[in-house]
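Here is the structure we will look at.
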Amino acid sequence: MASIVLAIVYIGGWILSMRIFGYFWKRRKLAINFAEPWFPEHVPRNQYIALLQQSEPEASEVQLTAALLRRAMEDVVRVLSMREDKQILANLVKQGTLGEDIWTQFTLAEKELEAEVMEVIAEANTFKEGWGQSILQTASEMVMHEKTKQLQKEMKTQREDETRKHALKEKNAEAKKEKERAKATEELLKEEEKEKAKAATSSKKK
Amino acid sequence: MATSTVNLSIVNDKVVCADHQAEVCDKCHQSFADINTIARHLKATNGQLPPPGAVLPQRSQQIAKMREDGNTHFRAQRHQEAIASYTNAINVAFDRPLWEPTQLAREELAVLLCNRSAAYIARKEYVNALVDADGVVELKRPWSKGHFRRGRALIGLGRTEEGIEAMRLGLMFDPESAEIQKALKEVEDKIAAEATGGDEDK
Chain D
78 MASIVLAIVY IGGWILSMRI FGYFWKRRKL AINFAEPWFP EHVPRNQYIA LLQQSEPEAS
138 EVQLTAALLR RAMEDVVRVL SMREDKQILA NLVKQGTLGE DIWTQFTLAE KELEAEVMEV
198 IAEANTFKEG WGQSILQTAS EMVMHEKTKQ LQKEMKTQRE DETRKHALKE KNAEAKKEKE
258 RAKATEELLK EEEKEKAKAA TSSKKK
Chain W
3 MATSTVNLSI VNDKVVCADH QAEVCDKCHQ SFADINTIAR HLKATNGQLP PPGAVLPQRS
63 QQIAKMREDG NTHFRAQRHQ EAIASYTNAI NVAFDRPLWE PTQLAREELA VLLCNRSAAY
123 IARKEYVNAL VDADGVVELK RPWSKGHFRR GRALIGLGRT EEGIEAMRLG LMFDPESAEI
183 QKALKEVEDK IAAEATGGDE DK
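Quick look at the structure:
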């Protein structure tokens, strides 16, 4: 009798512990799936798709071309950033500094990006046969060119900063001069007073 | 991946957000300005995207002409007019279509900014001169002229030490540069004269 109870308790214990393990395992898996995507939302892609679906008035071909170029530019930025991260990430995962789940996430994002790039190339070919071959090259030139254009904004803020700094410096210099001048006049007055006092005492002596 | 829908409409041939009719909308967190700029540039080529590396000659000619105007004014000591010409040219150069070669735009802008910086120095507007010279250095670091202008502007602003440093950096890129050597010597002589002058006062 006692041995049957013992066996049931033993088996029951096993089942319970497996259930607990399973519960946590599942939660962990879910956590991986809900993890943040590698890249934020692909805004230019959404804009392009919205523009395609636009009616009354329909988007002109020029506007669609522009939106597709923007989308390709974002893809180029993403491809470059993934290429840069890949080696570092692989090393970190190999060393065990980072978990396998990050690597899974990364490869998933890579595949997604590959599909996105293929889609852009296919879209480009619907505009003009053969454009798909050069759209990415054009887009990467555009990414570089855009960095140069940022200089215009940078220069504007720098101009404001420097003007403010310079004005402040001038003001300080002016204030300093003013102070020195006040001090000098004060000293002069004191000196005069002393002279007067001296003159007074000497006249008294006489 | 979650895709949020974008609400847009087209008003006056421009892509804008549907709710506020704005090109750049803070409320919708959307900006269509980039698309509209490229579309504007594409219209100039009749919607035909040029192959990679191709450049429309008109813009380059326009910029070159404005630069020449600026140079003529500068040589005739009409610095204000020179600055105006250079500024126009710079604005046109910054508005180059994005697909045109970056290297070309950088070269062009570096020369224009360098010339405008010189004109600003001539008018003793050292803050503007410094900002332009900084731009030149950013665009074309190995070009000693940018460092030379930067040095002149800094010295003009009274930041003599920084100015000397900038000129020395320029000399590293081009040790033969006569104008930097001359300017450096002038400044150093001046400092030396001031130092000895100060001693005599004591």
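In order, the protein sequences belong to chains D and W.
Residues in the first sequence are numbered consecutively from 78, following the numbering used here.
Residues in the second sequence are numbered consecutively from 3, following the numbering used here.
Beta carbons are placed, not taken as given, at the ideal position from N, Cα and C, and that holds for glycine.
Proximity of the segment 78-95 of chain W to the segment 180-188 of chain D falls short of the contact definition, fewer than three beta-carbon pairs being nearer than 8 angstroms. Collapsing the DSSP output to three states places residue 205 of chain D in coil. At a cut-off of 8 angstroms between C-beta atoms, residue 145 of chain W does not count as an interface residue with respect to chain D. Distance check between residue 143 of chain D and each of W:140, W:45 and W:85 places W:45 closest, using alpha-carbon atoms only.
At the C-beta level, residue 241 of chain D and residue 133 of chain W stay beyond 8 angstroms of one another. Residue contact with chain D for residue 173 of chain W: absent (no Cβ-Cβ distance below 8 angstroms to any residue of chain D). For the set W:175, W:55, W:189 and W:114, the Cα lying nearest the Cα of residue 154 of chain W is the one of W:189. At least 8 angstroms separates the CB of residue 93 of chain D from every CB of chain W. Contact residues of the segment 248-270 of chain D toward chain W are absent (C-beta to C-beta distance below 7 angstroms).
According to DSSP, residue 32 of chain W shares a beta bridge with W:27. Our two residues, residue 121 of chain W and residue 85 of chain W, have alpha carbons roughly 6 angstroms apart in a direct line. By the Cβ criterion, the segment 11-26 of chain W is not in contact with the segment 61-80 of chain W, since fewer than three pairs of Cβ atoms, one from each stretch, lie closer than 8 angstroms. Residue range 10-13 is occupied by the beta strand (DSSP E) that includes residue 10 of chain W. The three-state secondary structure of residue 57 of chain W, taken from DSSP, is coil. In the structure shown, the three-state DSSP call for residue 187 of chain W is helix. Flagged as an interface residue toward chain D: residue 36 of chain W, by a C-beta distance shorter than 8 angstroms. Straight across, the Cα-Cα distance linking residue 18 of chain W with residue 52 of chain W is about 26 angstroms.
With fewer than 16 other Cβ atoms inside 10 Å of its own Cβ, residue 262 of chain D counts as exposed. With its beta carbon at least 8 angstroms from every one in chain W, residue 185 of chain D lies outside the interface. Note that the segment 222-231 of chain D touches the segment 104-112 of chain W; at least 3 beta-carbon pairs, one per stretch, sit closer than 8 angstroms. At a beta-carbon threshold of 7 angstroms, the residues of chain W lying near residue 128 of chain D are 10 and 17, ordered along the chain. Closer than 8 angstroms to the CB of residue 156 of chain D there is not a single CB belonging to chain W.
The alpha-carbon separation between residue 40 of chain W and residue 48 of chain W amounts to approximately 12 angstroms. Nearest CB-CB separation between residue 232 of chain D and chain W: below the 8 angstroms threshold. Taking each of D:228, D:231, D:247 and D:265 in turn and checking the Cα distance to residue 160 of chain W, the smallest one comes out for D:247. Taken through DSSP and simplified to helix, strand or coil, residue 142 of chain W comes out as coil. Interface with chain D (8 angstroms Cβ-Cβ cutoff): residue 21 of chain W is excluded. According to DSSP, residue pairing for residue 16 of chain W in a beta bridge involves W:13. Residue 140 of chain W and residue 202 of chain D have their C-alpha atoms spaced approximately 38 angstroms apart.
The three-state reading of DSSP puts residue 96 of chain W in helix, counting H, G and I together. Not a single C-beta of chain D is nearer than 8 angstroms to the C-beta of residue 189 of chain W.
Counting the other CB atoms within 10 Å of its CB gives residue 118 of chain D a total below 16, which places it among the exposed residues. Secondary structure at residue 104 of chain D: helix, using DSSP grouped into helix, strand and coil.
Put simply, the CB of residue 190 of chain D is far from chain W, with every gap to its CB atoms at 8 angstroms or more. Linking residue 148 of chain D to residue 81 of chain W through their CA atoms gives a straight-line distance of about 44 angstroms.
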